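Numbering (the working numbering), first residue to last: 1 to 498. Cβ atoms here follow ideal geometry from the backbone N, Cα and C, with glycine treated the same way. Bear in mind the structure is a predicted one, so any value in this text is a computation, not a measurement. Below is one structure, written out as C-alpha cells, with a few remarks after it.
Listed below in C-alpha cells is the structure:
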C-alpha cells in the first residue's frame, strides 16, 4: 500500500469511527452501526458501478438509487430509507441477502443524513480492495469486542486463522468451504493466501472470485456482514448469486463436495428449538438432526458439525476445524465420532489452544487437522501429532493478544511443505518442555474413551512461584478456567439428563 493510499485509508477509518462514537452516545451499538454502514456503502458502490465507465445494472430500482438518499433530508429521508430497506430485502441473489431482514437502527433523521453524507464523500470503487477490506475488518473486530452483544462468537482470532491457512496451504482451482462462516474470516484468509502465493492466470482469478468459496451462516445479521466483508475484499459479484447460504448446514448433506473445509463452528453445547406448549408458553427442547450419513445421532452441535464436515469432503479433501475440549474427551456420540474419524481419515494434527484468545470466555479449544481418504480395512490414522500451545502460555485480549508470530513455531513444526519430515521437539530427558509430540494409533486406542485430550507438560505456575504471570493475567486465567469448568459441568449434567 502506498503512502497516499495509507493516508486515505486512515482518514476514512477516522471518519467512520468518529461517527460511530457519536452514535454510541445515542445507544446505537457497534453491531447496529455496522449494519447501517453495510447498507449504505453497498448502495453507494452500486450507484458508482452504474455510472461510466462501468455502466452495470446491479438490480437496484432507480427510485432506490444512491441519489434518492442524498436528495432527501429529515423525516422524508427516514421514511424513504425504511421503504428502501423493506423492498430491497425482497430481491434475489446477493442483493436480497445483504438486505435480508434489514431495519433502520438510527432513529435521529439528522444523524442518518450526516451518515449518508459521510459515505457520499468517498469514491468507494476507486479504493483498493485492501483499503476497503481493512476498513471493514477493523469495524468487525471492534464489534466482536462488544462482548455483551454476543458478536464475539462469530469472530475467530485472525492470528489463529492465518496460522491455520499457513499450515493447510490452499491450492488454486479447488473448492473451499466454511459451513459456519461467521463474518468470513477463514474464507478471506484462504483468498488472501491464494492471491499472494498462487501464480494465477486470468481464468483462475475469475474462478477465485466467483467459484471457489462457499459457506453457510444462518444468523441473518452475521451473514450480511460476511457477504459484505467478502465483497469488499473482492469475492463475489454485486449482481451475482450469494456465495453464503442462509440454510442450516446441519439439516441436510452439502450440495457439493469440496477440497478444503476451514471452520470454527459456533460455541454452545446443544442444538435447541423453541416450541409452544399446550398452555401457550414457550419452551426449548433439544433438536436432533436425523442424518442417515452421520455416524451418531446427538444434539451436541460441535459433534454434529464435525460429522457434517467429514461428509462435505471429497475423497482426498482436507479439513481444519476449531473444536472445544469436550469434543476430544466426552463419551457417547463424541467417542463414536472420534473413533470414526481415526478410522476413516488421517487425523494427523491437534493444536491445543490457550485461554484468553476468544471473545467468549471459558472456551478451551483445539484445532483438528484431518485429511479424507478412500475407505480401507485398517485405520487411516496411524499417528497423531499434538502441539501444546496451552500449558504455560498466557494471553489476554487487550494487553497480550495472540499474534501470528506466537504460532510460528507450530507452523514450522507442522511442516506444511512435507509432513513426512516432522520431528518431535519433546524428549523425556533432553527436552521435557518440548511442545511437539507424536502418539501412535495404538497409544490413542488404549486411552479411556479414545480421548484425544492429550497433554504432558508440567504447569510451571504450580512450582515456580517466583515467576508467576502478572496479576491481571492470572485473574483473567482464573476466570477463564472457572468458566471452562462450568461449561464442562453443564456438559456432564446434560449427558446425565439424556
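For residue 225, the closest alpha carbon among the candidates 320, 295, 36 is that of 36. The beta strand (DSSP E) runs of length 3 or more contained entirely in the region 282-343 are, from start to end of the chain, 282-286, 313-324.
Membership of residue 412 in the alpha helix (DSSP H) is indicated by the continuous run 408-414.
Between the beta-carbon of residue 366 and that of residue 337 there is about 14 Å, and that puts the pair past the 8 Å contact cut. If you look at residue 232, you'll find it isn't in any beta strand (DSSP E); it sits in the alpha helix (DSSP H) that goes 220-233. By the beta-carbon neighbour count (other beta carbons within 10 angstroms, threshold 16), residue 486 is exposed. The shortest CA-to-CA distance from residue 253 to any of 228, 242, 299, 289 is the one to 289. Residue burial annotation: residue 131 is buried, with at least 16 other C-beta atoms found within 10 angstroms of its C-beta. Counting other Cβ atoms within 10 Å of its Cβ, residue 68 reaches 16 or more and is therefore classed as buried.
A check of alpha carbon separations from residue 105 across 29, 204, 261, 164 identifies 29 as the nearest.
When the Cα atoms are used, residue 32 and residue 245 turn out to be separated by approximately 22 Å. Apart from sequence neighbours up to five positions away, the residues of its chain that approach residue 354 with a beta-carbon distance below 8 Å are 389, 390, 393, 394, 395, 402, ordered along the chain.
Below 8 Å, too few C-beta pairs join the region 381-388 and the region 326-333 to call them touching: fewer than three. The beta carbon of residue 158 sits closer than 7 Å to the beta carbons of 185 from its chain, once the five residues preceding and following it are set aside; these are given in chain order. Exclusion of the five residues before and after residue 425 leaves 413, 431, 434, 435, 436, 437 as the residues of its chain whose Cβ lies within less than 8 Å of its Cβ.
Only buried fits residue 134, as 16 or more other CB atoms lie within 10 angstroms of its CB. For residue 455, the closest alpha carbon among the candidates 111, 352, 312 is that of 352. At a Cβ-Cβ threshold of 8 Å, residue 240 and residue 94 count as neighbours. Counting along the chain, residue 215 sits inside the beta strand (DSSP E) bounded by residues 213-216.
With a cutoff of 8 Å on beta-carbon distance, residue 291 and residue 97 are scored as not near each other.
Taking 4 residues as the minimum length, the alpha helix (DSSP H) runs contained wholly in the region 147-199 are 158-168, 185-197, in order along the chain. Residue 189 sits buried, since 16 or more C-beta atoms from the chains shown fall within 10 Å of its C-beta. Rounded to whole angstroms, the separation of the alpha carbons of residue 300 and residue 442 is 27 Å. If you check the CB distance, residue 120 and residue 70 come in under 8 Å. Between the region 82-92 and the region 197-215 there are fewer than three inter-stretch CB-CB distances shorter than 8 Å, so the stretches are not counted as touching.
Taking a C-beta distance under 8 Å as the contact criterion, residue 156 and residue 138 do not qualify as a contact pair. Going by DSSP, residue 399 is part of no alpha helix (DSSP H) at all; its letter is neither H nor E.
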